[in-house]
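Residue numbers (full-length UniProt numbering): 1 to 369.
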């Protein structure tokens, strides 16, 4: 996958199953791609965080000193959430939230009653592949605690058969437990900044490299503030974030992107007036670095396209033809996605233009112009 100012493009797929564990062979494979794209056109290589990819990235940096290797930020943030989710307290809360979710969705009348409540949001069920979904149900259960408690204490529920079952009684105990609700609120506030950052780095709508450093700083600061800066309370959580950040995620290019991002240093217009025209080299460096992505998730999404094409009927296709089909299909999907984003952005700008015109006409009509 190639990430450039015009969007993401699928270049090619390679069957590397026999060399994937060898860093030297991986480096040779990456070098072929670099030579094909040309080294001067590349800023960084983003890969999985496994030790073999990290070593291959270091070898590639030694071979091409203008190219940086970076781990996939989305994967690292997922691992942070996984580590947090493995804590006994959070595991216990997640199990209880899961029981409440299953209870609500397995009983049609209960779910119908809840959906009639104003502002009700569906509870996301946890998935094994994305660890953020462990925390989202905690937040939603906490947000709707009054709805859930109103259900349990209502005549509708009290006289129902469900209330007399073991699962109904267990769900009622969990929902009416104030400590459970308060703990859900605390944990959702701890995970909130990390989940927000994960959404930013995992999105391909705009470059995200310039926001990682600040996002990680804000996440740790939010955790400390949650515990009123009492070290013995926040240390358990911040140490997990710091360990992954120090050992896997933090790179020099992240600090450079933070420093060059006008949003965190100066007013944007003032920054470009001061440094944009008088320092053309700095301008080029800033644009190249701040145009970078942080995630290799696009490559993982590629496998779903591969699986769709590699069906039982087509499993005898020669490898080159299969690669060509994946190339065409994936790039068509990317084109459709960017066309949608472009049209959406266009419609928003047109809407803003009409609002501005309407406001001017209104002011003129009222005699302010």
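Here a beta-carbon is modelled for each residue, glycine too, at the ideal position from N, C-alpha and C.
Element boundaries [alpha helix (DSSP H), containing residue i]
i, result
"residue 223", "209–226"
"residue 234", "231–244"
"residue 162", "Residue 162 -> no alpha helix (DSSP H), and no H or E assigned at all."
Assigned secondary structure, residue i (DSSP; H/G/I helix, E/B strand, else coil)
i, result
"residue 332", "helix"
"residue 261", "coil"
"residue 143", "helix"
"residue 119", "coil"
"residue 182", "helix"
"residue 199", "helix"
"residue 154", "coil"
"residue 254", "helix"
"residue 194", "helix"
"residue 135", "coil"
"residue 106", "coil"
"residue 189", "helix"
"residue 249", "helix"
"residue 111", "helix"
"residue 206", "coil"
"residue 176", "coil"
"residue 316", "Below a pLDDT of 50, predicted positions are generally treated as unreliable, and residue 316, at 49, falls in that range; the measurement from the model is reported next regardless. Residue 316 falls in the coil class under three-state DSSP."
Residue i vs residue j beta-carbon contact at 8 Å
i, j, result
"residue 255", "residue 213", "yes"
"residue 188", "residue 139", "yes"
"residue 237", "residue 84", "yes"
"residue 197", "residue 219", "yes"
"residue 446", "residue 114", "Nothing can be reported for residue 446: it is not among the residues displayed for the chain, which extend from 1 to 369."
"residue 71", "residue 194", "no"
"residue 110", "residue 59", "no"
"residue 19", "residue 25", "yes"
"residue 131", "residue 78", "yes"
"residue 104", "residue 90", "no"
For residue j and residue i, the rounded distance between their alpha carbons
i, j, result
"residue 201", "residue 208", "6 Å"
"residue 121", "residue 76", "29 Å"
"residue 157", "residue 168", "10 Å"
"residue 45", "residue 57", "7 Å"
"residue 101", "residue 80", "24 Å"
"residue 43", "residue 67", "5 Å"
"residue 73", "residue 116", "40 Å"
"residue 11", "residue 35", "13 Å"
"residue 147", "residue 118", "9 Å"
"residue 332", "residue 2", "15 Å"
"residue 174", "residue 96", "7 Å"
"residue 47", "residue 69", "8 Å"
"residue 13", "residue 182", "48 Å"
"residue 4", "residue 262", "21 Å"
"residue 63", "residue 55", "13 Å"
"residue 129", "residue 50", "Low local confidence applies: a pLDDT of 47 at residue 129 is under 50, so the model's placement there is unreliable, with the coordinate-based value given in what follows. Their backbone Cα atoms lie some 17 Å apart in a straight line."
"residue 93", "residue 233", "18 Å"
"residue 244", "residue 82", "11 Å"
"residue 162", "residue 112", "14 Å"
"residue 191", "residue 231", "18 Å"
"residue 240", "residue 259", "25 Å"
"residue 27", "residue 52", "10 Å"
"residue 324", "residue 216", "40 Å"
"residue 222", "residue 39", "40 Å"
"residue 246", "residue 252", "12 Å"
"residue 210", "residue 108", "46 Å"
"residue 21", "residue 8", "27 Å"
"residue 16", "residue 31", "14 Å"
"residue 199", "residue 87", "23 Å"
Neighbour flag for residue i against chain D, beta carbons, 8 Å
i, result
"residue 104", "In the displayed structure, chain D is absent; only one protein chain is listed."
Q) Residue ranges of each alpha helix (DSSP H) run of no fewer than 4 residues wholly in the UniProt domain "DUF659" (1–100), ordered along the chain? A) 23–37, 51–63, 73–85
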